[in-house]
């Protein structure tokens, strides 16, 4: 019996050795086949291994730190998303690019983004912008920055929307309360003088750039507190509101009130196209600035009066055409801009006539009766208030973007036009709220003045 077990053990060892040798022979044969295949390739190069294809992080710690900082600022202050980032990073600088044509075509848009990238990334690394490691790091940090922002606005949602913790942090209750407010309002009558003036948007922006404490413990008439000593606002030296900041706040506010679990280009639960709407808002705001549309200029005056009243500068304008899908609504902006220019010309003409009327030489030569000139006839048909053009097609948005009558932003800044056509600010009497109810609390809930910090 002992001999039998010994024989079996010896036979097992022999078989194991034979199998090991066969494995070696198979591996050698495979290597020979690969070598033969390589020799037949025109390039004569071995295919890259999977580990070689995977982008690596930037080795230089200083360079990586600067690229990370640039990506963070670029996400909030330039573009929240990048379409075809590898293509943008790989573009050659077009010496004939004109910033005014940024929205004229996709090529011009990419050149505009590339120009902003080169402004944020230090010049000594411009030649490395197309480096795969730089692209990978930049995209990774933009994704992280969007995620950080979404977590922050969702965390401080009760302060943004002035509702109870129990309501906001319960997905079902939050969805029930805000589902109509975050939905689209397309081709319905809207008031452009309320668009992008909702206090919730401003609180969202404040939480993102000034920190959570800037919207905690506010009085009913407050929207934000001054920034702390060290915030991204102070670090990035933000001095005025930009179209990018408003568009970013708009999509983040809608996400915060939704039941989407993560902030993506398209909401997984709601189907809201956050990226598409973000780009839509940008075009609307930029085009309004380019045309000097009063209702759009007033948006920036309202925001700057709240956040940067002493040091704000006029937002940069941009010119150029826009995509055809915006033509229907942007025609309203063109019409409003045209009416504003006509009214300004008429006001200047009236001012000149008043000056001449007090001149003796003009009174002597003045006819007893005269026909109305064409501009004067147009003047009689123009409304006298500050809103000469009321659009019947509202911006593709949600009602939470609209300002509320009697809200802090409505009270702190209200622009009217007198008969002379000049802007004058006055305090408005709080009126009954007519727009979105997203910042209102339900009457049957016992809600403290400020939500508890979570």
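In this note's numbering, the protein residues as written are 9 to 462. Quick reminder that beta carbons are idealized off the backbone N, C-alpha and C, glycines included.
{"Query": "How do the stretch 210–221 and the stretch 243–261 stand: do at least 3 beta-carbon pairs fall below 8 Å, yes or no?", "Result": "yes"}
{"Query": "Classify residue 78 as buried or exposed, calling it buried when 16 or more other Cβ atoms lie within 10 Å of its own Cβ.", "Result": "buried"}
{"Query": "Kindly give me the distance between the Cβ atoms of residue 211 and residue 167, rounded to whole angstroms, as I take these residues to be in contact under 8 Å.", "Result": "7 Å"}
{"Query": "From 256, 277 and 313, pick the residue whose C-alpha is nearest to that of residue 288; which is it?", "Result": "256"}
{"Query": "Between which two residues does the alpha helix (DSSP H) carrying residue 144 extend?", "Result": "140–163"}
{"Query": "Report the residue from 186, 188 and 154 whose alpha carbon sits nearest the alpha carbon of residue 89.", "Result": "154"}
{"Query": "Are at least three pairs of beta-carbons, each pair with one atom in the stretch 79–99 and one in the stretch 119–129, less than 8 Å apart?", "Result": "yes"}
{"Query": "Taking all protein chains shown into account, decide if residue 269 is buried (16 or more other Cβ within 10 angstroms of its Cβ) or exposed.", "Result": "exposed"}
{"Query": "Residue 281 bridges to which residues according to DSSP?", "Result": "274"}
{"Query": "Nearer than 6 Å: is that true of the beta carbon of residue 280 relative to any heavy atom of the ligand MN?", "Result": "Absent from the structure shown: the ligand MN. Ligands present: none."}
{"Query": "Say whether the stretch 123–143 touches the stretch 93–111, bearing in mind that this needs 3 or more beta-carbon pairs closer than 8 Å, one atom from each stretch.", "Result": "yes"}
{"Query": "Count the other C-beta atoms from every protein chain shown that fall within 10 angstroms of the C-beta of residue 174, then say buried if there are 16 or more, exposed otherwise.", "Result": "exposed"}
{"Query": "From residue 152 to residue 160, what does the alpha carbon distance come to, in whole angstroms?", "Result": "12 Å"}
{"Query": "Specify, as a first and last residue, the run of the alpha helix (DSSP H) that residue 76 falls within.", "Result": "69–85"}
{"Query": "From 150, 204 and 115, pick the residue whose C-alpha is nearest to that of residue 273; which is it?", "Result": "150"}
{"Query": "Helix, strand or coil for residue 187, going by three-state DSSP, please let me know.", "Result": "coil"}
{"Query": "Is residue 7 buried or exposed, if buried means 16 or more other CB atoms sit within 10 Å of its CB?", "Result": "Residue 7 lies beyond the range of the chain shown here (9 to 462); nothing can be said about it."}
{"Query": "If the criterion is Cβ atoms closer than 7 Å, does the pair residue 264 and residue 162 meet it?", "Result": "yes"}
{"Query": "Who are the Cβ neighbours of residue 117 in its own chain at under 8 Å, not counting the five residues just before and after it?", "Result": "110 and 111"}
{"Query": "Can you tell me which of 222, 251, 228 and 186 puts its alpha carbon nearest to the alpha carbon of residue 237?", "Result": "222"}
{"Query": "Ordered along the chain, which non-local residues of its own chain (more than five positions away) have a Cβ less than 6 Å from that of residue 251?", "Result": "290, 293 and 294"}
{"Query": "Please classify residue 114 as buried or exposed, where buried requires at least 16 other C-beta atoms within 10 Å of its C-beta.", "Result": "exposed"}
{"Query": "With DSSP collapsed to three states, give me the class of residue 181.", "Result": "helix"}
{"Query": "Span of the alpha helix (DSSP H) holding residue 111?", "Result": "First-last for residue 111: undefined, no H or E at that position."}
{"Query": "Between the alpha carbons of residue 281 and residue 275, how many angstroms are there, rounded?", "Result": "7 Å"}
{"Query": "Just confirm the distance between the C-beta atoms of residue 249 and residue 156, as a whole number of angstroms; I'd bet it's less than 8 Å.", "Result": "Not quite, the Cβ-Cβ distance comes to about 21 Å (not below 8 Å), so this is no contact."}
{"Query": "Is residue 205 closer than 7 Å to residue 310 when the C-beta atoms are compared?", "Result": "yes"}
{"Query": "Compare the beta carbon distance of residue 169 and residue 208 with 7 Å and say whether it is the shorter of the two.", "Result": "yes"}
{"Query": "Could you tell me the distance, in whole angstroms, from the CA atom of residue 165 to the CA atom of residue 176?", "Result": "7 Å"}
{"Query": "Alpha carbon to alpha carbon, how far is residue 241 from residue 235?", "Result": "8 Å"}
{"Query": "What's the C-alpha gap between residue 139 and residue 171?", "Result": "47 Å"}
{"Query": "In the DSSP assignment, find the alpha helix (DSSP H) that holds residue 254 and state where it starts and stops.", "Result": "251–265"}
{"Query": "What does the Cβ neighbour count give for residue 243, buried or exposed, with the cut at 16 atoms within 10 Å?", "Result": "exposed"}
{"Query": "Figure out for me which residue from 131, 83, 224 and 105 has the closest Cα to the Cα of residue 71.", "Result": "131"}
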